[in-house]
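These notes concern the structure reproduced below.
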Amino acid sequence: MKNTNYLSLLILLTGMSVFAQTSSTAVDSLKRVLSVVKIDTAKVNVLNSIADKYKESNPDSTASYALKAAALSQKLDYDFGLANALVNSGNSNIILGNYRKANEYFAKAQAVFETLLNANTEIETKRIQNGLARAFASQGIVFSQESNYYMALEMYQKALKIYLDIGQKINISKAYNNIGIVYKSQQNNAKALEYFKKAFKLQEEIGEQTAAVTLTNIGVIYAEQGNKTQAFQYYQKAERLFQKMDNKRGFALLNNYFGDYYKAQKDYTKATQYYTTALSMYEEMQSKFGASLALYNLGQLHRDLKKYDEALVFANKSLEYAKAIGILDQTYHSEKLLSELYGDQNNLELSFFHYKNYIAARDSITNQENNKKILRSEMESEYKRKTAVLSERAKRNTQFTIFSIIGVLLLAGLIFVTYNRRQIKRRLTLQKEVAEYEQKALHLQMNPHFVFNCLGSISSFIVQNGTDSALKYLSKFSKLMRLTLEYSKGSLIPIDKEIESLQNYLELEQLRFHNKFTFEIHSSDKVEFNMGIPPLLIQPFVENAILHGLVPKEGNGTIEVHFDVQNGQFICSISDDGIGLSKSKHLKEDSVTAHKSMALEITKKRLEIMEATTLKSAQIDIKELTSNNEVTGTKVILRLPIQYIQ
Numbered sequence: 000m001k002n003t004n005y006l007s008l009l010i011l012l013t014g015m016s017v018f019a020q021t022s023s024t025a026v027d028s029l030k031r032v033l034s035v036v037k038i039d040t041a042k043v044n045v046l047n048s049i050a051d052k053y054k055e056s057n058p059d060s061t062a063s064y065a066l067k068a069a070a071l072s073q074k075l076d077y078d079f080g081l082a083n084a085l086v087n088s089g090n091s092n093i094i095l096g097n098y099r100k101a102n103e104y105f106a107k108a109q110a111v112f113e114t115l116l117n118a119n120t121e122i123e124t125k126r127i128q129n130g131l132a133r134a135f136a137s138q139g140i141v142f143s144q145e146s147n148y149y150m151a152l153e154m155y156q157k158a159l160k161i162y163l164d165i166g167q168k169i170n171i172s173k174a175y176n177n178i179g180i181v182y183k184s185q186q187n188n189a190k191a192l193e194y195f196k197k198a199f200k201l202q203e204e205i206g207e208q209t210a211a212v213t214l215t216n217i218g219v220i221y222a223e224q225g226n227k228t229q230a231f232q233y234y235q236k237a238e239r240l241f242q243k244m245d246n247k248r249g250f251a252l253l254n255n256y257f258g259d260y261y262k263a264q265k266d267y268t269k270a271t272q273y274y275t276t277a278l279s280m281y282e283e284m285q286s287k288f289g290a291s292l293a294l295y296n297l298g299q300l301h302r303d304l305k306k307y308d309e310a311l312v313f314a315n316k317s318l319e320y321a322k323a324i325g326i327l328d329q330t331y332h333s334e335k336l337l338s339e340l341y342g343d344q345n346n347l348e349l350s351f352f353h354y355k356n357y358i359a360a361r362d363s364i365t366n367q368e369n370n371k372k373i374l375r376s377e378m379e380s381e382y383k384r385k386t387a388v389l390s391e392r393a394k395r396n397t398q399f400t401i402f403s404i405i406g407v408l409l410l411a412g413l414i415f416v417t418y419n420r421r422q423i424k425r426r427l428t429l430q431k432e433v434a435e436y437e438q439k440a441l442h443l444q445m446n447p448h449f450v451f452n453c454l455g456s457i458s459s460f461i462v463q464n465g466t467d468s469a470l471k472y473l474s475k476f477s478k479l480m481r482l483t484l485e486y487s488k489g490s491l492i493p494i495d496k497e498i499e500s501l502q503n504y505l506e507l508e509q510l511r512f513h514n515k516f517t518f519e520i521h522s523s524d525k526v527e528f529n530m531g532i533p534p535l536l537i538q539p540f541v542e543n544a545i546l547h548g549l550v551p552k553e554g555n556g557t558i559e560v561h562f563d564v565q566n567g568q569f570i571c572s573i574s575d576d577g578i579g580l581s582k583s584k585h586l587k588e589d590s591v592t593a594h595k596s597m598a599l600e601i602t603k604k605r606l607e608i609m610e611a612t613t614l615k616s617a618q619i620d621i622k623e624l625t626s627n628n629e630v631t632g633t634k635v636i637l638r639l640p641i642q643y644i645q
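In terms of numbering that gives the first Met the number 0, the sequence shown is residues 0 to 645.
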């Protein structure tokens, strides 16, 4: 049972969520700040800081300052300050051995921190999370003391998760240490050693002073495994670190372990020296728990040396401290030692008296252990039940998530199919419209007025015995009709055929209007032989240039048609030096205007359809040409997608 006492001290040593290095200078500095601070919430924070600094050296002062901080926080409705005060009050009760009371404070602090975390407060989220983690870690200490290791591990793991989330490396290392303590309590030394080494690696990385505590813990594991040499090496490493810091509680415990080591080596002088040093440090800190253990060790050592009178003094003092703080385990050991010491001196009456007390303490411990086992069994069952419920709930949530994802995917697929079908239907509709408008365009180009004029001109040439001219006109007319009928059925016409068609059409119009105009058709080197454009797309604009620009003009005129490729587009420009757009509108030639309007409207619609089917821009630009503020003609520019004849 002696190991249990050491374990309790080890938990107290490492379990504090904030391992304060009590420094009189730091406390004095905080007290000076407290005397001048004006803001009440800041005053609460200073009171809590002082309470935290005192907890390792003077738990009564910790309790006093925590109480002041709590009272002022409640007056101000300052929940963050209240929660920290509750944690400090709990820590003071841990040091004093009041574990049940300590856990009540920690549970209240946890509730306040969780409320703050769920509310929109001005306190930074990280500060609240850090406070909540402290509350969890502190509850872990109490559960460890009550041998409720499942709950202790759960609390430490909750604290560890928060510390990992907010990147608190110092507290991460302490959480590792605490988890190692719990595994050690469960006799799982391999797992305990794993977590202690994790803690030390992190502490070494960040230069954390609690590395000395971790080294002590690792040494204890090796000592229990019988590896005394390696245990002693870790004790020495820890001692060097403790000598550089002000952690009396940790150093006192290490001195106890050194005493055990030298006692096992039968070096009683050094063992006595270390036990005595530990006792002095514990008494200076007013830690009756630690002092009782150190006194017991000294009593046992002096009994081995057959110094019974001195041993009795130490044993009686150890028993006095153990009874004062109600520690049954230490009471049991001290009563047993006293019974043996009085037996060694043949004082049978006192030996029997302490033996009865020893048996009573042993029975009480046994009953407590049995009650703890029952309680632990109940808690384990409840824990397993809750775990099963949570697992089932998580399973249902996972299934719901999977089915939701499948539903969303199916819905997305249905939407895609519906959209795709609409697109196909739209494309078919557009193709139908293309066919219809292509046919309208064909009819427009082959309008009866144009055919009648051509035939009239041919007839006139025959009457006037202009047989050659009539034959020439008729030949060009028939060739134009053949080209038009041949390529108007397809979606594209090769550029060279389009040029040939325009050539024939313009020559016919020259004959018809008695060489009223001249024309030129150009094609740049960028235009490839297999490029195509929709049939009968350009002819309406050439016709407009003749009828609306050149025919009304006094004197002769010129038409220029140019094909080119620029910026990834096929460019066709039709220029004339006629009367221009403005003057043409005023002539009010109704029949021709109607014809023009219809041709232009159909052409624009064809361009819209071309954009929809090719997903590329198709534009028309008509502008009046001017020079020195005088109209010099009209220019039409068609910008079309580049398309190739298959």
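From the three backbone atoms N, C-alpha and C, an ideal C-beta is built for every residue, glycine too. Just so we're clear, the structure is a prediction, and the values are computed from it rather than from any experiment.
Ordered list of beta strand (DSSP E) runs contained in the segment 453-529, each at least 3 residues: 516-522
With 16 other Cβ atoms within 10 Å as the buried cut-off, status of Leu427: exposed
Secondary structure of Lys183, DSSP reduced to three states: helix
Buried or exposed (CB count within 10 angstroms, at least 16 for buried), Asp467: exposed
Contacting residues, own chain, Cβ-Cβ under 8 Å from Phe231 (five flanking each side not counted): Gly218, Tyr260
Cα-Cα separation between Phe18 and Gln329, rounded to whole angstroms: Unreliable placement is indicated for Phe18, whose pLDDT of 38 sits below 50; the coordinate value is still reported in the next sentence. Whole-angstrom Cα-Cα distance: 26 Å.
Candidates Gly531, Glu348, Asn503, Leu470, of which the one nearest Thr483 by Cα: Asn503
Touching by the beta-carbon criterion (3+ pairs, under 8 Å), the segment 517-530 and the segment 475-482: no
Cβ-based neighbour list, Lys1, same chain, cut-off 7 Å, excluding 5 preceding and 5 following: Note on Lys1: pLDDT 44, under 50, position unreliable in the model; the coordinate value appears next. These residues qualify, in order along the chain: His332.
Proximity winner among Met284, Phe257, Leu278, relative to Asp245 (alpha-carbon distances): Met284
Three-state class that DSSP yields for Ser574 in the structure shown: strand
Secondary structure of Thr631, DSSP reduced to three states: strand
CB contact below 8 Å: Val45 versus chain B: This model lacks chain B altogether, as it is built from one protein chain only.
Span separating the alpha-carbon of Met530 from that of Gly579: 32 Å
Asn356 versus Glu334: straight-line alpha-carbon distance, rounded: 6 Å
Nearest-angstrom Cα separation, counted from Tyr341 out to Ala651: With the chain represented from 0 up to 645, any question about residue 651 goes unanswered, as that position is not in the structure.
DSSP bridge partner residues for Pro533 (one or two, in chain order): BP columns for Pro533 are empty, so no partner.
Own chain residues within Cβ distance below 6 Å of Ile641, not counting five before or after: Phe569
Backbone secondary structure at Gln264 - three-state DSSP: coil
The beta strand (DSSP E) enclosing Gln167, as first and last residue numbers: No beta strand (DSSP E) contains Gln167, which DSSP labels as neither H nor E.
Cβ shell of Val635 (< 6 Å), same chain only, five flanking positions each side left out: Phe540, Ile573, Ile621
Coarse secondary structure for Thr602, derived from DSSP in three states: helix
Beta strand (DSSP E) runs wholly inside the segment 232-285, at least 3 long, in chain order: none
Ser626 versus Arg421: straight-line alpha-carbon distance, rounded: 51 Å
C-beta atoms of Ala277 and Ala314 nearer than 8 Å: no
Outcome for Lys43 when other beta-carbon atoms lying within 10 angstroms are tallied against a minimum of 16: Per the sequence shown, the amino acid found at residue 43 is Val instead of Lys. Classification for Val43: buried.
Extent of the continuous beta strand (DSSP E) run through Gln144: No beta strand (DSSP E) holds Gln144; the alpha helix (DSSP H) holding it covers 124-144.
Gly554 and Asp575 closer than 8 Å at C-beta: no
Through-space distance from Asp51 to Asp59, alpha-carbon basis: 11 Å
With 16 other Cβ atoms within 10 Å as the buried cut-off, status of Thr21: At Thr21 the pLDDT is 42, less than 50, meaning the model places this residue with poor confidence; the figure from the coordinates comes in the next sentence. Looking at its Cβ environment, which holds 16 or more other Cβ atoms inside 10 Å, Thr21 is buried.
Which of helix, strand or coil DSSP assigns to Arg31: helix
Coarse secondary structure for Leu614, derived from DSSP in three states: coil
Given Leu152 as reference, the closest of Gln73, Gly225, Ser184, Arg99 once Cα atoms are compared: Ser184
Contact under 8 Å by Cβ, Ile532 with Ile492: yes
Secondary structure of Lys316, DSSP reduced to three states: helix
Between the CA atoms of Tyr281 and Leu8 - distance to the nearest angstrom: Legend: pLDDT at Leu8 = 46, less than 50; position of this residue unreliable, value from coordinates given subsequently. Whole-angstrom Cα-Cα distance: 11 Å.
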